[in-house]
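A.B. asks: Residue numbers (this note's numbering): 1261 to 1572.
Just so it is clear, CB atoms sit at the ideal spot from N, CA and C, and this is done for glycine as well.
Model, not experiment: these values are computed from the prediction.
Shown below is the structure under consideration.
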C-alpha cells in the first residue's frame, strides 16, 4: 500500500506542561510518512524552545514561530504551508493513540472517504483501556451533516480527531478572531465531501484543562456560528433540521440572557422572534422566554438538567 504524506498541524500556545506528551504521541505514530507542523502562536512560556528541540531531533518536524493570532490563525498558517495529501489537527494539550493516523488512513482507503473521524475521550494523565471492538460507519455528506446538527456528537463537531483530504481546504479556512471556530467550519467541510466515515475506536485523548478556553465562554461567537448553520440549513432545504437548530439558538440566547444585563434584551427578543416561528411548538418556547427573561437564575438551574445543553 502506498503511504502518502500526512500533515499534522499543531497550534501551540501556553501549554508547556503538556506539550511533550502531545509531541511524543505524534512522533511515535506507527504511520511514519508525516509532516509535523508546529505553529508556535507567540507562546510566552517554554513552548518555543520545546518545539525547536523536537525539530532538531526529527526532520519531519517544521516549526513556525509567529506573533499571537489565536487558534484559527495558527491553524490557517499551518494549512498555508502544508504539503500532505491528507491533513489532521491535534491540539497541543491533547495526545493521540500511536495508531491514530494509521487507523484513520486505512478507513479513508477502505471506505473511499474524504474525512475519517476517530472517537475521543476526555481524560487526564492516563490512557484508558479500550474495548477491542469498534464500529465503522460511513455517511453521505448530507447524512453526516444531519448527524452533526442533530446529535451533538463531539467527535463530529470538532476539527481535531479527524483526517481530511487536503483539497477540502482549497478554498476554506478557519475564522480568525472567533472562538468556537469548529462550529463555523466543520459542517462546511462535510458539505464539500462526498463521504465521511467514523470509527467508534478511541484514538484521540482530549485533555480539558481548567484554564482552557472552553464551555460557554464567548457565547456570542457560538450564537453567530449557530446562525450561520441555520442559514445553511435553510439554503440547502434541510427541513428536518430547522426546528432542532432553531431550538439550539433559542437555548443559547437564553444562556446569554442568564449572564448578561437587561440592556441587551431587545437584541435577544429580536432573535427569539426570528427563530421561535421555526419551532415545532413555539408557544412553549415563548412562555419559557418570558419566564427566563424575568428570572434568568431559573434558566441556570434548568440548563443543568436539560438535554439541550450548550455545545463546546
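Between residue 1326 and residue 1368, what straight-line distance do the alpha-carbon atoms span, to the nearest angstrom?
C.D. replies: Roughly 33 Å separates the two Cα atoms.
A.B. asks: Inspect the beta-carbon positions of residue 1430 and residue 1504 and report whether they are closer than 8 Å.
C.D. replies: Contact: no.
A.B. asks: Quick test of the definition: if touching needs 3 or more C-beta pairs under 8 Å, does the region 1289-1301 touch the region 1373-1380?
C.D. replies: No contact exists between the region 1289-1301 and the region 1373-1380.
A.B. asks: Measuring straight from C-alpha to C-alpha, what distance separates residue 1280 and residue 1315?
C.D. replies: Going by the C-alpha atoms only, they are around 12 Å apart.
A.B. asks: Excluding sequence positions up to five away, which residues of its chain have a Cβ less than 7 Å from the Cβ of residue 1288?
C.D. replies: Correct list, in chain order: 1358.
A.B. asks: Give me the Cβ distance between residue 1450 and residue 1401, rounded to the nearest whole Å; I'm assuming they're in contact under 8 Å.
C.D. replies: 5 Å between Cβ atoms; contact.
A.B. asks: Quick one: what does DSSP say residue 1448 is sitting in, helix, strand or coil?
C.D. replies: Helix, per DSSP.
A.B. asks: Residue 1300 by DSSP, collapsed to three states: which one?
C.D. replies: Reduced to three states, the DSSP call for residue 1300 is strand.
A.B. asks: Label residue 1336 either buried or exposed according to how many other C-beta atoms from any shown protein chain fall within 10 Å of its C-beta, with 16 as the threshold for buried.
C.D. replies: So residue 1336 ends up on the buried side.
A.B. asks: Just mark residue 1290 as buried or exposed, buried being the case when its beta carbon has 16 or more other beta carbons within 10 Å.
C.D. replies: Exposed, because fewer than 16 other Cβ atoms sit within 10 Å of the Cβ of residue 1290.
A.B. asks: From the DSSP secondary-structure annotation, give me the bridge partner or partners of residue 1271.
C.D. replies: Residue 1271 is bridged to 1299.
A.B. asks: According to DSSP, is residue 1465 part of a helix, a strand, or is it coil?
C.D. replies: In this structure, residue 1465 counts as strand in the three-state DSSP scheme.
A.B. asks: Report all residues from its chain with a CB closer than 8 Å to the CB of residue 1426; omit the five preceding and five following residues, and keep chain order.
C.D. replies: These residues qualify, in order along the chain: 1267, 1342, 1344, 1345, 1346 and 1347.
A.B. asks: Please state whether the Cβ-Cβ distance between residue 1398 and residue 1460 is less than 8 Å.
C.D. replies: No, these two residues do not count as a Cβ contact at 8 Å.
A.B. asks: By the 10 Å Cβ neighbour count, where 16 or more other Cβ atoms means buried, how is residue 1489 classified, buried or exposed?
C.D. replies: That one is buried.
A.B. asks: Looking at the structure shown, is residue 1266 part of a helix, part of a strand, or coil, going by DSSP?
C.D. replies: Residue state, collapsed to three classes: strand.
A.B. asks: Only counting the same chain, and skipping five residues up and downstream in sequence, which positions put a Cβ closer than 7 Å to that of residue 1303?
C.D. replies: Closer than 7 Å at the Cβ level, and outside the excluded window around residue 1303, lie 1272, 1273 and 1274.
A.B. asks: How far does the beta strand (DSSP E) with residue 1416 in it extend, from its first residue to its last?
C.D. replies: Note, residue 1416: premise wrong, no beta strand (DSSP E); alpha helix (DSSP H) at 1414-1417.
A.B. asks: As a quick exercise: from 1432, 1332 and 1444, pick the residue whose alpha carbon is nearest that of residue 1480.
C.D. replies: The residue with the shortest Cα to Cα distance from residue 1480 is 1444.
A.B. asks: Are there 16 or more other CB atoms within 10 angstroms of the CB of residue 1270, so buried, or fewer, so exposed?
C.D. replies: With 16 or more Cβ atoms within 10 Å of its Cβ, residue 1270 is classed as buried.
A.B. asks: Closest to residue 1408 by CA distance: which of 1317, 1498 and 1265 is it?
C.D. replies: Residue 1408 has its Cα closest to that of 1498, out of 1317, 1498 and 1265.
A.B. asks: Roughly how many angstroms lie between the CA atoms of residue 1492 and residue 1412, to the nearest whole one?
C.D. replies: Taking the straight line from one Cα to the other gives about 17 Å.
A.B. asks: Which residue or residues does DSSP assign as beta-bridge partners of residue 1335?
C.D. replies: For residue 1335, which the question treats as bridged, DSSP gives no partner whatsoever.
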